[in-house]
Amino acid sequence: MSLTFLTPWLLSALLGLPVLWLLLRAVPPAPIRRFFPGVILLLGLRDKTQISDRTPWWLLLIRMLALGLIILGLAGPLLNPQSTTIKRSDLLILLDGGWAAARDWQAHQLLLDRVLNQAARDGRPVAIARLTTPSTPVFQSAQSWQERLPGLAPTPWVPDASKMQTALQGLNDQPFDSLWLSDGLAQTGRAALLSALQNRGDVEVIETEQTLFALEPAKLSDGIITLHAIRLPNTVDQSVTIRAHGTDPNGRSQIISTITTAFTESATRIPVQFSLPAELRERVSRFDIVGQTSAAGVSLTGNSLLRREVALISEGADREGLELLSPLHFIARAYAPSAELLSGDLTTLLPANPDLVVLADIAKLSTTEETALGQWVAEGGLLLRFAGPRLATSDLSRTTEHPLMPVRLRAGGRTVGGAMSWGAPKSLAAFAPNSPFFGLEIPNDVRVSAQVLAQPDPSLSQRVIAMLADGTPLVTRKQSGKGQIVLFHVTANAEWSSLPLSGLFVQMLERLSQSVAGSEPDMKSLQGTIWQPSQILSAQGQLEPATRLAGIAAEKLFDAPLSAEIRPGLYTHAKEQVARNVIGPDSRLLPAIWPNGTNLRGLSDRLETPLGGWCLILALLILLVDVLATLSLSGRLVSTVAVLCLLATLSSTGPAGAQDDGAEARTPATNGNAGAAVSEKAWQASSELTLAYVVTGNSKVDAISKAGLDGLSQTLFARTSVEPAAPVGLDLERDMLMFYPLLYWPITAGQPTPSLKAYRKLNAFLKSGGMIVFDTRDGDIAGFGTSSPNSLRLQKITYGIDIPALEPMPQDHVLTRAFYLLQDFPGRYTQRDIWVEAAPQAVEKAAGMPFRNLNDGVSPVIIGGNDWAAAWAVDAQGKQMFPIGRNASDRRQRELAYRFGINLVMHVLTGNYKSDQVHVPALLDRLGQ
Amino acid sequence: VSISAHDIRNIAECDAAHLPGLLLRSQHLANGVLLGEHGRRRPGSGDDFWQYRPLYDGESHRMIDWRQSARGDDHFVRQHELKNAQTAQLWVDQSASMRFTGHAGRTTKSGRARVIALALSILLLRKGERVGLSDGTLAPRRGAQQVQHLSDRFELDDIQDYAAPAIGALKPNARVVFISDFMAPIEPVTTAVGRATDRNATGVLLQVLDPIELQFPFSGRTIFESLGGKLRHESLKASDLKADYVERIETRCSALRDLCQRTGWQYHRHMTDRAAQSALLWLYHALGDGTQRS
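In order, the protein sequence lines correspond to chains A and B.
For the first sequence, my numbering assigns the number 185 to the initial residue and increments by one for each residue that follows.
For the second sequence, my numbering assigns the number 13 to the initial residue and increments by one for each residue that follows.
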């Protein structure tokens, strides 16, 4: 940190400050005018001293400070000044530009911007060259590079030796200075390139001091996913969090598992193990390191963790219907959760290249089948065979070992514990440590009552991987080529043993099949295939769709270094999908080593910063404080602040309104907040029954609606078991309607029609059983259907609402008896016309019945004009707000209005319960025949 | 200082807006004082029943209280208790200096003075006394209607800076109430009190002051102006004036007190940061003593 001034002589002005101090002290502050009735008593009084009150010392200090800062600022202070001696005109900027720089790319760009600015001021031609895509540097004006700067992006590969070489060869002989933005990774060509640059001029290297992490490809072994995290050599303990990404069963991407582990001491490579259930494991698509935004921090899995294919082959397709006896039933059930099951005959299944072939009690195979199967096993297949009556009676592997059998068999097998044999059924012996089943717990109830017997051979003991308690081999295994052949000496069904019934059986099969999964793609079999990129990794580690990228031959895909053609990502061929990762297996990250004497700087080193502007801003702020202090001294602060506040509010009201409109327009953007608010309201509405009204925008009408529903709610509370919460006003555009059973909608002439979205909500609300009560509130002056302003407005508003055919409320409508028996529905006015959904035409009144048997739904709308809310309305003291009628008739009419309200709510809540004929006798009684 | 018609209209509108508040506050204040009607304890003209007496010969039959007489054979006349009314005459300073308040949340001196005066009037009128203004603009009358007239009078602001008590139409034996800040020269006050005493009228001086006017909490270079703007005094260091000013105002107060002691009047100083109730009670009792004495 160092500080210099551009114009130091200006600082001499600071000497003038003490003079100013004296001057300011001498000048009295402006007088304050005060109204004071006692002035008449002051007349004739003399000041004791002729010197007025002085400016307070702290105010003086503030002013001095401001002035001093202004002088300082004008003197042009510079932090971290740099000697700018330009030796050569041209400037070459070299960028490593690989994934290692991706994390600090923004910092790189800022730095470049500053360097280009400086170069533009100095008029230096600049060339920018990226080592990841080497080319001959072209020197152009700094401005033209600045325009292209935002387009510079890091690549998901790092410059390797060959690219360094290409870059070296592209250099001209003319002299130039160089600035090298390095990512700090060791590359073989660096030293040569550096010396070549130094031959042509000064070289400054700016290196990111960062801690790079990378992930190696994941490997699956014995059901556990292992991948290694590597880092640049470092002796600090660092913890990394590695996430396994995948899709959930619905196909959405999610984080399946997270592991936090730590590099300790000087470790540069640590294993990370994910032990996941097979179902989860197979969904994993990639791993990444939290906070490491580079392509190397991502490890794609391709198909390497995918489900196995199991081919089930048995004879005896003629035995239909006996499922539990089917030799393959238990195997199919055991493999179904974790593997793709194929069934059919061998000749059709083998070309599909299953991972596992199960032969259940098959003794005879045709020669071609045997040859094909043998070859498939040699290429790495796992053949799983089960014994059975057919195998026991056949001569297979009797005298000489059959290539597709692990052991020779003795004729006939044995039966223990049966009706005609000695001894008891045998249990299993514990698994030996070299057995793949080692560690599995053997249930006590597993018994073997029959089996085929292995012929004692010198090689038998190595091949036994499970045996009975008496030492008889139960499962034998043999390697054949890359694959293996396993024989269970019992049947795959429960005929010979209870093994298939136990959980152990499933575990044993799982262990066996794990050995085939997760194998590396076999180069030999891929020879000559062309792989099409489906998704590629960006330098920041984001998966992007691969468009306009050519397919790549398999040889190149896995061996050639990454470049613009061969990008890291996912490649597909036929059904296979493989991943090309940035970091291969067994990689190392090494730091770049620069020769002694290199001009090396870190990225975060402070650059030259002019402080003049800040000084002036600070001075301005201090002057502002001075204004406030002066005002407060003269007692005018409060009034000034008040005026300023008034101005602020006046000037902000305009834009605030505009903002509201804006918020309306971009609802998706503000959905988060609105959603939270809505859910709060909805939460209340859904926890208690709540009556709702539509906010019309006319505050008077809205207040009446609220008070009206309040009154109705209180009445409901007092008289019925309906106990509503406080009513709420709903904004049709914003609020959710579905939680409210009843919507009271007073119509005002000036009401805007709802938006399309609101109409959609309203229709959904009506369809889901909601009811809207439209109240034109003009029952005193207009009958229904007349062209009063409110009625016209109602017609306009309801235009977009899905309203069924209406009729004036018939005398036997269920609303007339939902709670009270009513025939009039007065509110503040007593118009008779209330319109409800029309009843079906065909229904006739049965003889002797007072009403028709209508069992349809609740009327979705009720339209009237009696201004019910005003009749229901009560104020905070519980007193009625509006007079109705005159004197005694007032009370009666109000009572009826409340009764109508109760019927309304009951109708909505209970539907046509009261229309049910079951209640007819009781109702007839009440109707007083 | 001339005031345009428009200004007068403005002021009138403003005051009209205050008026119901003034009345209301005054009535509210008056309701806080328990009323005791003090009858003369002998028959006479009044509202309250005093006694039934037998009908004397020669008296008109119209005087008979038939309801009582029907109970017996004798004829009775209903007599009421005598009540004689006192006259109270008020003078409330309406000058500009009264429209001062030292704090935005405090009522002005003028507002306080008017509320107290009107509340006192209400109380007196309820007792049946006659209340009027001492400057002759409103003659003493009885009845609730007088409250309205009084409040109409109190609404009129004076544009003078300071005012002296006006006793143009003082009735003999009246009770006189002067409410002012008494900032103006004391001589007119002395004269007015003297002349009132000559007419056998006694009364009270209620001095209404803002606390600021006693404390003088000013400092720094200040130009003091009277509220009418006619008087002006500049001080380079206002804090120096405090001692002198406080001495002068205290002198003024004690001069008023002396004047009252000499003439048998009563003096009270009321600060606007205190409750109006206290001043009203004091006034009521100070006058009440007088009204009961006769």
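No residue lacks a Cβ here, since even glycine has one placed at the ideal position from N, Cα and C.
Please read all numbers here as calculations on a predicted model, not as lab measurements.
Can you name, in chain order, every residue of its own chain whose Cβ lies under 6 angstroms from the Cβ of residue i, other than the five neighbours on each side?
i                  : result
Ile277 of chain A  : Ile312, Leu363
Gln716 of chain A  : Gly735, Thr756
Pro590 of chain A  : Arg647, Thr660, Arg661, Lys662, Ile669, Leu671
Gly1095 of chain A : Val1042
Val310 of chain A  : Leu275, Ala303, Ala326, Trp329
Pick helix, strand or coil for residue i, following the three-state DSSP scheme.
i                 : result
Ile235 of chain B : strand
Asp894 of chain A : helix
Gly144 of chain B : strand
Lys232 of chain A : coil
Ile750 of chain A : coil
Tyr2 of chain B   : What is shown of chain B runs 13 to 306, which leaves residue 2 of chain B out entirely.
Leu831 of chain A : helix
Asn974 of chain A : helix
Pro240 of chain A : coil
Ser107 of chain B : coil
Gly200 of chain A : helix
Arg260 of chain B : helix
Ser247 of chain B : strand
His513 of chain A : helix
Thr202 of chain B : helix
Arg79 of chain B  : helix
Val630 of chain A : coil
Counting C-beta neighbours from all protein chains within 10 Å, is the total for residue i 16 or more, i.e. buried, or is it exposed?
i                  : result
Phe397 of chain A  : buried
Gln476 of chain A  : buried
Trp1056 of chain A : buried
His148 of chain A  : A question about residue 148 of chain A goes unanswered here, because the residues of chain A that appear run from 185 up to 1113.
Cys799 of chain A  : buried
Ala286 of chain A  : buried
Val387 of chain A  : buried
Trp241 of chain A  : exposed
Name, please, each residue of chain A whose Cβ falls closer than 9 angstroms to the Cβ of residue i.
i                 : result
Thr234 of chain B : Pro215, Ile216, Arg217, Arg218, Phe220
At a CB-CB cut-off below 8 angstroms, which residues of chain B make contact with residue i?
i                  : result
Asp1051 of chain A : Simply none; closest approach about 34 angstroms.
Leu243 of chain A  : Neighbours of Leu243 of chain A on chain B: none; closest Cβ ~12 angstroms, over 8 angstroms.
Taking residue i as the query, report the chain A residues whose CB atoms sit under 8 angstroms from its CB, ordered along the chain.
i                 : result
Met195 of chain B : Pro221, Gly222, Ile224, Leu225
Ile261 of chain B : Gly222, Leu225
Glu237 of chain B : Arg217, Arg218, Phe219, Phe220, Val223
Can you tell me where the beta strand (DSSP E) with residue i in it begins and where it stops?
i                  : result
Lys403 of chain A  : 403–405
Gly663 of chain A  : The identity of residue 663 of chain A in the sequence shown is Gln, whereas the question assumes Gly. Its beta strand (DSSP E) spans residues 657–664.
Val89 of chain B   : 88–93
Pro590 of chain A  : It is not in any beta strand (DSSP E) - Pro590 of chain A carries neither H nor E in the DSSP assignment.
Glu391 of chain A  : 387–391
Gly667 of chain A  : 667–672
Tyr1013 of chain A : Unbroken run through Tyr1013 of chain A: none, as it is neither H nor E.
Mind listing the chain B neighbours of residue i? Cutoff is C-beta to C-beta under 7 angstroms, in chain order.
i                 : result
Leu830 of chain A : Per Cβ cutoff of 7 angstroms: no residues; Leu830 of chain A is ~16 angstroms from chain B at best.
Asp231 of chain A : Ser247, Leu248, Lys249, Asp252
Can you tell me where the alpha helix (DSSP H) with residue i in it begins and where it stops?
i                 : result
Asp964 of chain A : Asp964 of chain A -> no alpha helix (DSSP H), and no H or E assigned at all.
Phe471 of chain A : Unbroken run through Phe471 of chain A is the beta strand (DSSP E), 468–473; no alpha helix (DSSP H).
His292 of chain A : 289–306
Glu463 of chain A : 462–465
For residue i, which residues of its own chain have a beta-carbon under 8 angstroms away from its beta-carbon, when the five flanking residues on both sides are left out?
i                 : result
Gly913 of chain A : Ala876, Tyr877, Val878, Val879, Asp886, Ser889, Lys890
Could you work out which residues of chain A lie near residue i, taking near to mean beta carbons separated by less than 7 angstroms?
i                 : result
Asp256 of chain B : Leu229
Glu225 of chain B : Pro221, Gly222
Ser163 of chain B : Those do not exist, as Ser163 of chain B stays about 24 angstroms from chain A at its closest Cβ, beyond 7 angstroms.
Tyr174 of chain B : Ile224
Ser109 of chain B : Pro221
For a test of your reading of the model: does the CB of residue i fall under 6 angstroms from any non-hydrogen atom of the ligand PLP? Yes or no.
i                  : result
Val1089 of chain A : Of ligands this structure carries none, so the ligand PLP is not represented either.
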